[in-house]
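This report refers to the structure that appears directly beneath it.
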Amino acid sequence: MIPTILEVTRLPTPILRRAAEAGKIRLISWADTNSKAPFADREWILRNVPGVNALAVIVPTAVDAEILDAAGPSLKGVSTMSVGYDHIDAKAVRERGLRIGNTPQVLDSAVADLTISLTLSITRRLFESERVVRAGKWQTTPWNPLAFIGPSLEGKTIGFFGFGGIAQTTAARLLSFKPGRIVYTTSKPRTVDLASPAFRVLAEDDYIQLHHKAHGKLPVPMDNVPDRLELARVSDVVIVLAVLNESTHHAVDAEFLDAMKPTAYVVNVARGPHVDTGALVDALRQEKIAGAALDVLEGEPNIPADHPLLAADIADRVVVLPHIASATSEARHAMADICATNALGMVGLGEMISEL
41 MIPTILEVTR
51 LPTPILRRAA
61 EAGKIRLISW
71 ADTNSKAPFA
81 DREWILRNVP
91 GVNALAVIVP
101 TAVDAEILDA
111 AGPSLKGVST
121 MSVGYDHIDA
131 KAVRERGLRI
141 GNTPQVLDSA
151 VADLTISLTL
161 SITRRLFESE
171 RVVRAGKWQT
181 TPWNPLAFIG
191 PSLEGKTIGF
201 FGFGGIAQTT
211 AARLLSFKPG
221 RIVYTTSKPR
231 TVDLASPAFR
241 VLAEDDYIQL
251 HHKAHGKLPV
261 PMDNVPDRLE
271 LARVSDVVIV
281 LAVLNESTHH
291 AVDAEFLDAM
301 KPTAYVVNVA
311 RGPHVDTGAL
321 VDALRQEKIA
331 GAALDVLEGE
341 PNIPADHPLL
351 AADIADRVVV
361 LPHIASATSE
371 ARHAMADICA
381 TNALGMVGLG
391 EMISEL
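Heads up: the sequence shown begins at 41 in my numbering, then just goes up one per residue.
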């Protein structure tokens, strides 16, 4: 009997459909319902999941014990088109002896590029100034020496909450802006060691390699700051790129924001729940920090127009994007390829590329 894979959206890859056309799998896909919704709702999943052997899912798909139990003993694993897997109840998956596949590394460059774009958008007040032009107010806001000025990244301390592959890719790209120092907080204290697998991304960067070979040191100091509040105190920009779990949930809370400089910025390109929304709104209103740039929010995508972070009184100090950090065609297609290949590997058709 051929294995069955359930696909909750049309993944931008031909891999699963080709396998189905070749008679290697049976594919149950939300895309074949002709629904205008971009991905399957929970009811459709629960109706169609019994007896399937693998799930191919995306971030909006919550995979919990109810869905796993509905699938039954035939289920081998869950493959997600993402690096993060907080939408999957990993404990429930492990308890049932199932596998989890994800899609690391192929989106690192895309996310790093957007992280830097977000950082510049808030520090250089890009959206604020663009709104002036769009509203027809340029003539009443003419050029002057202090109009729309913001800080340069040169000489600044850039702090990373989380320092995995994406954060290291971002840090390497940021070197061209000549920061004074890079600091980072990780789950376990680690000093930068280019020979360590934990710092593989830094070690593979051409500029860092050449500089280290020529001078015996990194282009700028990169220091581990284990205490998150110390990271908050010393950073001019805090970039959140950590894995979301119980220990990192609301890591950027009122205490963290109180510790930051009033001239500092928060940039979150990881997961919305890393940041306490209410505390961030309060910090912006009370001018405890200079601004925030966010690609993710708590409760996304259910963000109404009257969401507190979209309020008019703080609009000039907040940038919010709809979770698009990995949205390059190259990254998304590569992620889909890995997701599909992982799903096939779960049912015995080849090897998984990435397994947690």
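Glycine residues also receive a C-beta, built at the ideal position from the N, C-alpha and C atoms.
Integer Cβ distance of residue i from residue j, believed to fall under 8 Å
i    : j    : result
V277 : K196 : 7 Å
S161 : A333 : 6 Å
G199 : L115 : In fact, because the Cβ distance is near 41 Å, the residues do not count as touching under 8 Å.
L242 : A212 : 6 Å
P302 : A330 : 7 Å
S394 : N382 : 6 Å
N264 : Y224 : 6 Å
A380 : L51  : 6 Å
F203 : T226 : 5 Å
F357 : L324 : It is Arg, not Phe, that sits at residue 357 in the sequence shown. Rounded, the Cβ-Cβ distance is 6 Å, consistent with contact.
L154 : I378 : Not really, about 20 Å apart at Cβ, beyond 8 Å.
P237 : P266 : About 20 Å; that fails the 8 Å criterion.
L350 : V360 : 7 Å
DSSP three-state assignment for residue i, whether helix, strand or coil
i    : result
N308 : strand
L329 : Before going on, a small fix: residue 329 reads as Ile here, not Leu. Three-state result, I329: coil.
L67  : strand
A94  : strand
V89  : coil
V274 : helix
V146 : coil
F217 : helix
K76  : coil
G385 : helix
E61  : helix
I378 : helix
W183 : coil
I206 : helix
H347 : coil
S122 : coil
F188 : coil
E286 : coil
D267 : coil
P52  : coil
V172 : helix
V133 : helix
A235 : coil
S366 : coil
K253 : helix
L193 : coil
T303 : coil
Cβ-based neighbour list, residue i, same chain, cut-off 6 Å, excluding 5 preceding and 5 following
i    : result
H251 : P259
L158 : V307, A333
T120 : V97, N142
M392 : G141, N382, G385
V397 : Look at the range of the chain in this structure, 41 to 396, and you will see that residue 397 is not part of it.
H289 : P313
Contact set for residue i: own chain, Cβ-Cβ below 8 Å, skip 5 residues either direction
i    : result
I65  : I42, P43, T44, I45, L56, A59, L384, V387, L389
V92  : T44, I45, L46, I68, A111, S114, L115
P348 : T317, G318, V321
H373 : P52, T53
A105 : D129, A132
P341 : P100, P362, H363
R268 : F201, T225, A291, F296
Close-in-space but distant-in-sequence residues of the same chain around residue i (CB under 7 Å, 5 per side omitted)
i    : result
I206 : D148, V151, A152, L281
W178 : V172
V123 : N142, T143, P144, L147
V103 : L95, V97, V118, H127, I128, D129
A187 : T181
I107 : I85, L86, V89
T231 : N264
L245 : Just to set this straight, residue 245 is Asp in the shown sequence, not Leu. Here the set comprises A212.
Counterpart residues of residue i in DSSP-defined beta bridges
i    : result
F201 : T225, V280
R139 : G117
M262 : I222
T44  : R66
L334 : N308, V360
E395 : G141
I128 : V103
V315 : V292
Test: residue i CB closer than 7 Å to a CB of chain D
i    : result
G205 : You won't find chain D in this structure, because it holds only one protein chain.
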